[in-house]
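Student: My numbering numbers the first residue of the sequence shown as 3 and each following residue consecutively.
Take this structure, written in structure tokens, and hold onto it; I'll ask about it next.
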Amino acid sequence: MTPLLRRLRAIIEQLDRSAWHPYSVPGKWVGSDRRVVFPSAPSYLRHQLDRVESLMRTRHTWNAREAVLYNASVRHVTSYDHGDRAKLDGWRTTGTFLKLLTILPYLRQMGVTTILLLPITEIGRVGKKGEYGSPYAARHPYRIDEMLAEPLVDMSVDDQARAFVEACHFLGMKVVLEVVLRTASVDSELARMRPEWFYWIDEAELERQGGVFTAPTFADDDISIIRHQVEERNFISLPEPSEEYRNLFTSPPSTVIVDDKGPKGLLPDGRVVRIPGAFADWPVDDPQPAWSDVTYVKLHDHPHFRYMAYNTIRMFDKALDAPAYRQQSLWNTITGLVPHFMRTLNIDGVMIDMGHAFPADLRRRIVSEIRATKPDALVFEENFTIDRRSVSDGYDGVIGYLPFDAWDVSRLRDFIERLSNKDVAVRYFATAESHNTPRIAARIGGKEHAACLWPILRCLPMGWPYIHAGMELGETIPVNTGLGFTDDERLAFPPERLPLFSDVTLPWDSTSTLDRRIADFERRLRATDWFKRSSDDDDVIQLSGGGQSIVSYIRRCRSDRYGIIVVGNLGAESVLTTIAVPHDAGLRFIEPNDVIVKRSDLLSVTLGPWESVVVHALFDESTQRLTS
């Protein structure tokens, strides 16, 4: 163990000598089928540290072939009611770095090798959503949120975060941190020191226009022009918002004080100015209301483009996006943030929130600084497209669009067809949900739908297998209602009910066995000859037939005869059907199964509702023709 982990153990052992109240934890955290009550929180922490240390005795290494990502909000994933008396002792019910450390054995059992954390920075206090506010409203980008520490453990939040990262490394796990670079909280501490980094609006003018800041609106004709120009990548003289909207914005104030509304700027002529909230920057007719707690930072300083709109914060007008107008001090701060956390926490990689929305030069600088600090860092970006630009800019992966499409059979087939055509140039997250989408278990089929999709997505080439925390428990409550939600769904989940903003506990006490099924599947998959030989260059052949609910494909190692057949029934009815294998693929099954029977060039398939199967096979050399 490292000196820091030894120090943590010593602190926990000392705490365990004092009298505390009982402390309840989910059985899943400790390898039990039911809730377990420990004599105290320190006794639980000590017990789990022992388990982690036991796992450390086996050498663990990380490799891309076995990578499985687990996406988690520290505050959310280990939130749990440990008992009223434990709460009175002062132990947090919300998630912390130390509690997340204690569930590493649980995650390791599922095959998780990489933990992707949502932002951990200190959250703004003005205009906050829900109970705690949004982690994307960064009050100070370099400061970790104190709520993520256990206050009774005599270690700073930074040290508790470092202890978590070090424990992960001993278990052969990487830690990737999502960072917020183009937004801040409306009460950002940086506003007092660098007011020029922010947009400011005239408080009196806003009152004259109705008192509520909203996104700019555009006429239908202008929207058509905007869409056409952006599609053509023509950013010359992009249509601007109305003059009335532009008149809200002013130059940066000369003086900034702080009151109960946050930073209050004073112009030389005595006018009061404020930092406005943000809004969805694309498309320009996005119906989402403006955010009360988040604002965009001002990447350029141009006397004409002092307003906040799509053409100044994302689709940068060519007249604005020139070296002379860049706020170099802000750009330096942005490019230095990830290296800072790499040096102080020793994280292994980064997810750049809305990385594709930066100016091209800044985008490349961010990645370059990361690579200079840690050459082997994992660099992901929140980009919903999957194209070559991400590769040329140096990214290792993107979110992509599967979280929005994978639940739909037709769209999933379309994606598999892209893979069969070798039309996917960058790794993507192989998942049916994210923290911005509906939960897969909330869709038709529920938990069984989620269970059916995991093997199908897990076995696709070029994917980063990705478990969104709670998916393995059959959670139905979304983390955020960001994308793919109806107005009724947004009304059903106000910020007070959403884990991104408030204390909402995952169903840790559920009887769901999905986590065990994932663990069993991973263990069996990694033991196969095909898996040991597989690579991103594997061939994919989408199979035809089977019916409307069937998804099926062959994945074959390009270098030899090993491969798999994947068939899934994403429907509520049992299916007995046939699927064609082109040319009689010359395959034979390596392992026995009672789901797929081969008859000449047809596969006879029997699947129950929401059932999928992966069968390992050998192929004749002739099957090379299938992918030529």
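We treat Cβ as the ideally placed atom computed from N, Cα and C, and that holds for glycine.
Model, not experiment: these values are computed from the prediction.
If you check the beta carbons only, do asparagine 423 and isoleucine 401 fall under 8 Å apart?
Tutor: Not closer than 8 Å, so no.
Student: If you draw a straight line from the alpha carbon of threonine 219 to that of proline 243, how long is it in whole angstroms?
Tutor: Computed Cα separation, rounded: 7 Å.
Student: The beta strand (DSSP E) spanning proline 44 covers which residue range?
Tutor: Not the beta strand (DSSP E): proline 44 falls in the alpha helix (DSSP H), residues 43-58.
Student: By the DSSP assignment, the alpha helix (DSSP H) with proline 405 in it spans what residues?
Tutor: It spans 404-407 - the alpha helix (DSSP H) in which proline 405 sits, taken as one unbroken run.
Student: Assuming tryptophan 293 and alanine 280 make a contact with CB atoms under 8 Å, what is their CB distance in whole Å?
Tutor: About 5 Å separates the two Cβ atoms, so the contact holds.
Student: Indicate the three-state DSSP secondary structure (helix, strand or coil) for histidine 62 in the structure shown.
Tutor: Of the three classes helix, strand and coil, the one that applies to histidine 62 here is coil, per DSSP.
Student: Return the first residue and the last residue of the alpha helix (DSSP H) that glutamine 162 is part of.
Tutor: 159-172 is the extent of the alpha helix (DSSP H) around glutamine 162.
Student: Work out the CA separation of glutamate 191 and lysine 263 for me, nearest whole Å.
Tutor: Approximately 13 Å, taken between the alpha carbons.
Student: In this structure, does DSSP put glycine 126 in helix, strand or coil?
Tutor: Three-state DSSP puts glycine 126 in coil, outside helix and strand.
Student: Does the contact criterion of 3 or more C-beta pairs under 8 Å hold for the region 130-148 versus the region 488-507?
Tutor: Cβ pair count under 8 Å is three or more, so yes.
Student: For valine 38 versus glycine 29, is the C-beta distance shorter than 8 Å?
Tutor: Their beta carbons are under 8 Å apart, which means valine 38 touches glycine 29 by this criterion.
Student: Can you confirm whether the region 39-51 touches the region 12-26 when touching is taken to mean that 3 or more C-beta pairs between the two stretches lie within less than 8 Å?
Tutor: Taking 8 Å as the limit for Cβ pairs, the verdict is that the region 39-51 does touch the region 12-26.
Student: Would DSSP call tyrosine 138 helix, strand or coil?
Tutor: It is coil, neither helix nor strand.
Student: Could you spell out the range, first to last residue, of the beta strand (DSSP E) harbouring lysine 266?
Tutor: Lysine 266 -> beta strand (DSSP E) spans 264-268.
Student: Which residues does DSSP pair with glutamine 290 in a beta bridge?
Tutor: Answer by DSSP bridge pairing: none, since glutamine 290 is not bridged.
Student: Spell out the partners DSSP gives tryptophan 466 in its beta bridges.
Tutor: Answer by DSSP bridge pairing, in chain order: Phe431.
Student: Let me make sure I understand the geometry here. Which of Ser546, Lys534 and Leu604 has the alpha-carbon closest to that of arginine 67?
Tutor: Closest option to arginine 67, Cα to Cα, is Lys534.
Student: Between the C-alpha atoms of arginine 492 and aspartate 18, what's the straight-line distance to the nearest angstrom?
Tutor: C-alpha separation (whole angstroms): 45 Å.
Student: Round the Cβ separation of leucine 120 and serine 75 to the nearest angstrom and send it over; I've been treating them as touching at under 8 Å.
Tutor: Sure, about 4 Å apart at Cβ, within 8 Å.
Student: For methionine 112, is the classification buried or exposed, using 16 other Cβ atoms within 10 angstroms of its Cβ as the cut-off for buried?
Tutor: Looking at its Cβ environment, which holds 16 or more other Cβ atoms inside 10 Å, methionine 112 is buried.
Student: I'd like to check one pair, phenylalanine 251 with isoleucine 203: are the Cβ atoms closer than 8 Å?
Tutor: Yes. Within cutoff.
Student: May I have the straight-line CA-CA distance separating glutamate 613 from valine 607, to the nearest angstrom?
Tutor: When rounded, the distance between both Cα atoms is 11 Å.
Student: Under three-state DSSP, which class holds aspartate 522?
Tutor: Correct three-state label for aspartate 522: helix.
Student: Report the residue ranges of all beta strand (DSSP E) runs contained in full by the region 290-360; include only those spanning at least 3 residues, in chain order.
Tutor: 296-298 and 351-354, all fully within the region 290-360.
Student: Going by CA-CA distance only, name the one from Glu152, Leu109, Pro305 and Val214 that's closest to lysine 176.
Tutor: Nearest of Glu152, Leu109, Pro305 and Val214 to lysine 176, Cα basis: Leu109.
Student: What are the partner residues of histidine 618, as DSSP defines its beta bridges?
Tutor: Looking at the DSSP assignment, histidine 618 forms a beta bridge with Ile566.
Student: What is the DSSP secondary structure of tyrosine 25, counted as helix, strand or coil?
Tutor: Reduced to three states, the DSSP call for tyrosine 25 is strand.
Student: On the DSSP letters alone, give me the boundaries of the beta strand (DSSP E) that isoleucine 543 sits inside.
Tutor: 541-544 is the span of the beta strand (DSSP E), which, as asked, contains isoleucine 543.
Student: Under a three-way DSSP split, which group does valine 232 fall into?
Tutor: Here valine 232 sits in helix by DSSP.
Student: Which ranges would you report for the alpha helix (DSSP H) in the region 79-110 if only whole runs of at least 4 residues count?
Tutor: Here the runs fully enclosed are 86-91 and 99-104.
Student: Helix, strand or coil: how does DSSP classify isoleucine 699 here?
Tutor: In the structure as shown, the chain starts at 3 and stops at 630, and residue 699 therefore has no counterpart that could be examined.
Student: Three or more C-beta pairs closer than 8 Å, one from the region 90-103 and one from the region 448-460: is that the case here?
Tutor: These segments do not touch.
Student: What's the gap between the Cα of histidine 171 and the Cα of threonine 297?
Tutor: If you take the alpha carbons of histidine 171 and threonine 297, they lie about 35 Å apart.
Student: Within the same chain, show all residues whose beta-carbon is closer than 7 Å to that of proline 241, passing over the 5 residues directly before and after it, in chain order.
Tutor: These residues qualify, in order along the chain: Phe220, Asp224, Ile227 and Ile228.
Student: Going along the chain, which residues of its own chain have a beta-carbon closer than 6 Å to the beta-carbon of tyrosine 564, five neighbours each way excluded?
Tutor: Excluding sequence neighbours, tyrosine 564 sits near Asp531, Trp532 and Arg535.
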